[in-house]
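Novice: Okay, here's the structure, questions in a sec.
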Ligand SMILES: [Zn+2]
Ligand SMILES: [Zn+2]
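In this note's numbering, the protein residues as written are 220 to 608.
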């Protein structure tokens, strides 16, 4: 192994206690999307102690930050190391973002201690609100990633993978407006909004047979009337459409709109569909970067698993459409344990969870080093980014 990578590993190991303290602090102070004030302050303070200059409120998002080595000169190529730190309502760090933040702090500090002047080419970005808030998309739109050539992070999971696909997602409200009347005495005077919604739901079920294998449509009915003897004049539901490409996500959304319009026509109700931000883009993998991450993970003794094909969604998808990204997974639980659970939160502090976080810190730092020092890797990354969609 190259001497610099040996040094990165040594520096990360030396940070073990500090990184575990970060993980524990976040676990014990869980904050949900855009409320991560304690986490943001704690991580910013840590980075300042370690010689970073921290811009709080990056991109005009209060709980975001961007940190670079003190006295840095903006330099290209630039690698962003991403830290998530938001938790889930009620179950705290059931998605393990405390480990993501700890690993990214470790990677950043190990690089700063190892790279000398090349540390100018590293920025740590604190990205709030992954859970439903689309923080990374907001930060991208606000220019926080201007001048960044590649972005890297890890997520705790069920398998060891340098990357895997994630689905794009459109969330929307479907409302039908009808007319009330007595359901028995004057049904001829009413227009049943609930019937319209049920018809739309049934059309969507029929559409489901024709979906590509990794696409998903799922929804609930949130409003279905007030009393059985009143024809409902209002019914509403919330739905998600998910797909592995931008084009297919948008096509499916259009098909679902047709389901709703057909139901409106059949029942005489009026339909209104409102997309709720953030719309999440599918993850665009960058195979040369993932290959570099895989080589580093294997050098750390991590054996790579076969992809199980299970897919979620994340705002890293939005960023990956603009900048080549690594979103690697490291195993902290058995494949049977669900994410977004208290068991998953507890797993962040098992031997496996702690080890995954340290390996992730090393992998991120080693792969950032590869990217910053290898023109060949940068060229392959850029070519792959331009040629895929
Ligand atoms: Zn999650
Ligand atoms: Zn997560």
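Idealized CB from N, CA, C, for every residue including glycine.
Our contact map puts residue 212 next to residue 474 with C-beta atoms below 8 Å; I'd like the distance itself, whole angstroms only.
Specialist: Outside the shown range of the chain, which is 220 to 608, sits residue 212, and nothing can be said about it.
Novice: Do residue 543 and residue 516 come within 8 Å of each other at the CB atom, strictly closer than that value?
Specialist: Contact: no.
Novice: Taking 8 Å as the threshold (C-beta atoms), are residue 519 and residue 424 in contact?
Specialist: No, they are not a contact pair.
Novice: Quick check: is any heavy atom of ligand 2 less than 7 Å from the C-beta of residue 544?
Specialist: no
Novice: If we call anything under 8 Å between Cβ atoms a contact, is residue 413 one with residue 572?
Specialist: no
Novice: Please state whether the Cβ-Cβ distance between residue 613 and residue 450 is less than 8 Å.
Specialist: Since the first and last residues shown for the chain are 220 and 608, residue 613 lies out of range.
Novice: Rank 370, 263, 309, 345 by C-alpha distance to the C-alpha of residue 600 and give the top, closest one.
Specialist: 370
Novice: Below 8 Å CB to CB, which residues in the same chain sit around residue 256 once its five sequence neighbours on both sides are set aside?
Specialist: 250, 281, 282
Novice: Taking Cβ to Cβ, would you say residue 538 is nearer than 8 Å to residue 355?
Specialist: yes
Novice: To the nearest whole angstrom, what separates the beta carbons of residue 419 and residue 462, a pair I think is in contact under 8 Å?
Specialist: Actually they do not touch by this definition, with Cβ atoms about 19 Å apart.
Novice: When we look at the beta-carbon of residue 304 and count the other beta-carbons within 10 Å, is it buried (16 or more) or exposed?
Specialist: buried
Novice: Can you name the start and end residues of the beta strand (DSSP E) that residue 392 belongs to?
Specialist: 387–396
Novice: I need the boundaries of the alpha helix (DSSP H) containing residue 319, first residue and last residue.
Specialist: 316–333
Novice: Only counting runs of 3 or more residues, tell me where the beta strand (DSSP E) segments fall wholly within the region 533–604, in order along the chain.
Specialist: 544–550
Novice: Counting only the same chain and skipping the five closest in sequence on each side, list residues whose C-beta sits under 8 Å from that of residue 263.
Specialist: Excluding positions up to five away in sequence, the list reads 273, 275, 284, 286, 345.
Novice: Taking 7 Å as the line, does the beta carbon of residue 255 fall inside it for any heavy atom of ligand 2?
Specialist: no
Novice: Let me know if residue 401 comes out buried or exposed under the rule of 16 or more other beta-carbons within 10 Å of its beta-carbon.
Specialist: exposed
Novice: Under the three-state reduction of DSSP, which class applies to residue 311: helix, strand or coil?
Specialist: strand
Novice: Do residue 458 and residue 393 have their C-beta atoms within less than 8 Å of each other?
Specialist: yes
Novice: Taking all protein chains shown into account, decide if residue 439 is buried (16 or more other Cβ within 10 angstroms of its Cβ) or exposed.
Specialist: Under a 10 Å Cβ-count criterion, residue 439 is classified as exposed, with fewer than 16 other Cβ atoms of the shown protein chains found around its own Cβ.
Novice: Round the Cβ separation of residue 476 and residue 492 to the nearest angstrom and send it over; I've been treating them as touching at under 8 Å.
Specialist: Between the beta-carbon of residue 476 and that of residue 492 there is about 6 Å, and that keeps the pair under the 8 Å contact cut.
Novice: Quick check: what's the CA-CA separation for residue 546 versus residue 372?
Specialist: 5 Å
Novice: Output the distance between the C-alpha atoms of residue 408 and residue 442, rounded to the nearest integer angstrom.
Specialist: Straight-line Cα distance between these residues: approximately 21 Å.
Novice: In angstroms, rounded to a whole number, what distance separates the CA positions of residue 607 and residue 468?
Specialist: At residue 607, the pLDDT of 48 sits below 50, so the modelled position is not reliable; the number obtained from the coordinates is stated separately. Their backbone Cα atoms lie some 17 Å apart in a straight line.
Novice: Do you know how far the Cα of residue 325 is from the Cα of residue 231?
Specialist: 6 Å
Novice: Where does residue 491 fall in DSSP's three states?
Specialist: strand
Novice: If residue 360 sits next to residue 397, beta carbons under 8 Å apart, how far is it from one beta carbon to the other, in whole angstroms?
Specialist: Wrong, their Cβ atoms sit about 38 Å apart, outside the cutoff.
Novice: Just curious, the alpha helix (DSSP H) that residue 435 is in, first and last residue?
Specialist: Element bounds for residue 435: not the alpha helix (DSSP H) but the beta strand (DSSP E), 435–442.
Novice: Taking 7 Å as the cut-off, is the CB of residue 322 close to at least one heavy atom of ligand 1?
Specialist: no
Novice: Would residue 349 be called buried (16 or more neighbouring beta carbons within 10 Å of its own) or exposed?
Specialist: buried
Novice: Give the DSSP-derived three-state secondary structure of residue 401 in the structure shown.
Specialist: strand
Novice: Look up residue 687 in the DSSP assignment and give the residues it is bridged to.
Specialist: This structure leaves residue 687 out entirely; the chain is present only between 220 and 608.
Novice: With a cut-off of 7 Å, give the chain-ordered residues whose Cβ is closer than this to any heavy atom of ligand 2.
Specialist: Around ligand 2, the residues whose beta-carbon falls short of 7 Å from at least one of its heavy atoms are 303, 314, 315, 316, 349, 350, 374, 533, given in chain order.
Novice: Roughly how many whole angstroms lie between the Cα atoms of residue 336 and residue 320?
Specialist: 24 Å
Novice: Taking the C-alpha atoms as reference points, what is the distance between residue 435 and residue 592?
Specialist: 41 Å
Novice: Which residues bound the beta strand (DSSP E) around residue 241?
Specialist: Run containing residue 241: none in the beta strand (DSSP E); it sits in the alpha helix (DSSP H), 235–247.
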